[in-house]
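Visitor: Anchor point for the sequence shown: position 171 equals 162 in the numbering used here, and the numbering is continuous, going up by one each time. Ideal placement from N, C-alpha and C gives every residue a C-beta, glycine not left out. Okay, handing you the structure first.
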Amino acid sequence: MSKQSQWIVGVNAVASSIENDADNVREVLIEASAKNPRLIEIEENARRKGIDVRKVNTQALDGVGGSVRHQGVAARYQAARTYGENELEGLVTAAEGKALLLVLDEVQDPHNLGACLRSAAAAGATAVIIPKDKSATVNATVRKTSAGAADRIPVVAVTNLSRCLKDLQKQGVWIYGLAGEATTSLYSIDLKGNVALVLGGEADGMRRLTRENCDGLVKIPMPGDIESLNVSVAAGVSLFEAVRQRS
């Protein structure tokens, strides 16, 4: 797994990092004038786990948070944020025939990626797969949007997504791409075994080679007068259809 150091901001993101991966939280900054009781809890939990806590002014937090709303708290975090593609086979094998993978083909909006991670973690997915290029990375915005889910689910960054899909098929994973023009309903396919659900990016959907390496294309039936769903909404619908079938 690759290492990177970054600032994460926001009450939920910082609290989750301290709770789930305290060994990789280097320090916590808390706004000195803040009165939010959640910040007191974060400070106490951080000190209890031996993490340095500094009280700082708002300008200092603005500096590390950038355009992300920090809510009076930030943490410098160094962690294994991304799994290598060579580790994906082990994740699928460990799922013992019930792997549930979410594949995001060039999702570039960090808010969408964060929301997808949150849905994937809530659904108990095995991993989320993203291409290394032309995709949002797990940055501070993603981690804040995911409300802590980025700490709970493996994110696998792959060099060649088409090759990755072929390798998954060799492991017995059925791959279904979500496409609005598909004729098969998501609700009519079997999602109880090893399954990967593939969603395309915000602008152009799945790339041609990605489509060609799917075992089938399916759609989410939409009786309303809307042509498509936001990628994070579609991810949630698809993942929880798999959860429904498996339960």
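Three-state secondary structure (DSSP) at Lys157?
Guide: Reduced to three states, the DSSP call for Lys157 is helix.
Visitor: What number of angstroms, rounded off, separates the C-alpha of Thr49 from the C-alpha of Tyr74?
Guide: Distance between the alpha carbons of Thr49 and Tyr74: 34 Å.
Visitor: Lys161: beta carbon under 7 Å from a heavy atom of the ligand SAM?
Guide: In the structure on display, the ligand SAM does not appear, and there are no ligands present to speak of.
Visitor: Counting C-beta neighbours from all protein chains within 10 Å, is the total for Met197 16 or more, i.e. buried, or is it exposed?
Guide: So Met197 counts as buried.
Visitor: Return the residue from the list Ile217, Asn77, Ser179 that minimises the CA-CA distance to Thr150.
Guide: Of the candidates Ile217, Asn77, Ser179, the one whose C-alpha sits nearest the C-alpha of Thr150 is Asn77.
Visitor: When the distance is taken between beta carbons, is Arg134 closer than 8 Å to Ala4?
Guide: Their beta carbons are under 8 Å apart, which means Ala4 touches Arg134 by this criterion.
Visitor: Could you give the uninterrupted runs of the alpha helix (DSSP H) lying entirely in the segment 88 to 141, keeping only those of 4 residues or more?
Guide: 101 to 113, 131 to 136, all fully within the segment 88 to 141.
Visitor: Alpha helix (DSSP H) containing Glu32: first to last residue?
Guide: From DSSP, the alpha helix (DSSP H) with Glu32 extends over 28 to 39.
Visitor: Just verifying my parser: in three-state terms, what is the DSSP assignment at Ile9?
Guide: Helix.
Visitor: So, with DSSP's three-state summary, where would you put Thr174?
Guide: Coil, per DSSP.
Visitor: Would you call the CB atoms of Gln162 and Val83 closer than 8 Å?
Guide: Yes, the pair counts as a contact, with Cβ atoms nearer than the cut-off.
Visitor: Use the C-beta contact count for Arg37: other C-beta atoms within 10 angstroms, 16 or more gives buried, fewer gives exposed.
Guide: The sequence as given places Ala at residue 37; Arg does not occur at that position. With 16 or more Cβ atoms within 10 Å of its Cβ, Ala37 is classed as buried.
Visitor: Name the two residues that bound the continuous beta strand (DSSP E) containing Leu169.
Guide: Here the beta strand (DSSP E) through Leu169 covers 165 to 169.
Visitor: Reducing DSSP to helix, strand and coil, say where Gln236 ends up.
Guide: Of the three classes helix, strand and coil, the one that applies to Gln236 here is helix, per DSSP.
Visitor: When you compare the CB positions of Ser219 and Gly171, do they come within less than 8 Å of one another, or not?
Guide: In this structure, Gly171 lies closer than 8 Å to Ser219 by Cβ.
Visitor: Is the beta carbon of Val209 sitting closer than 8 Å to the one on Ser176?
Guide: Yes; because the gap between Cβ atoms is below 8 Å, this pair is in contact.
Visitor: Skipping 5 residues on each side, what residues in its chain have a beta carbon closer than 8 Å to that of Lys157?
Guide: Excluding residues within five positions, the ones whose Cβ falls inside 8 Å are Asn204.
Visitor: Cα separation between Glu10 and Thr174?
Guide: Cα to Cα, Glu10 sits roughly 45 Å from Thr174.
Visitor: Applying the 10 Å Cβ sphere with the 16-neighbour rule, what's the burial state of Asp181?
Guide: When all chains shown are included, Asp181 counts as exposed.
Visitor: Three Cβ pairs or more, each shorter than 8 Å: is that satisfied between the segment 85 to 93 and the segment 114 to 121?
Guide: Result yes; three or more Cβ-Cβ pairs closer than 8 Å.
Visitor: Smallest Cα separation from Val16: which of Arg199, Gly41, Leu79?
Guide: Nearest C-alpha to Val16: Gly41.
Visitor: How many Å lie between Val146 and Ser137 at the Cα?
Guide: The alpha-carbon atoms of Val146 and Ser137 are separated by roughly 13 Å.
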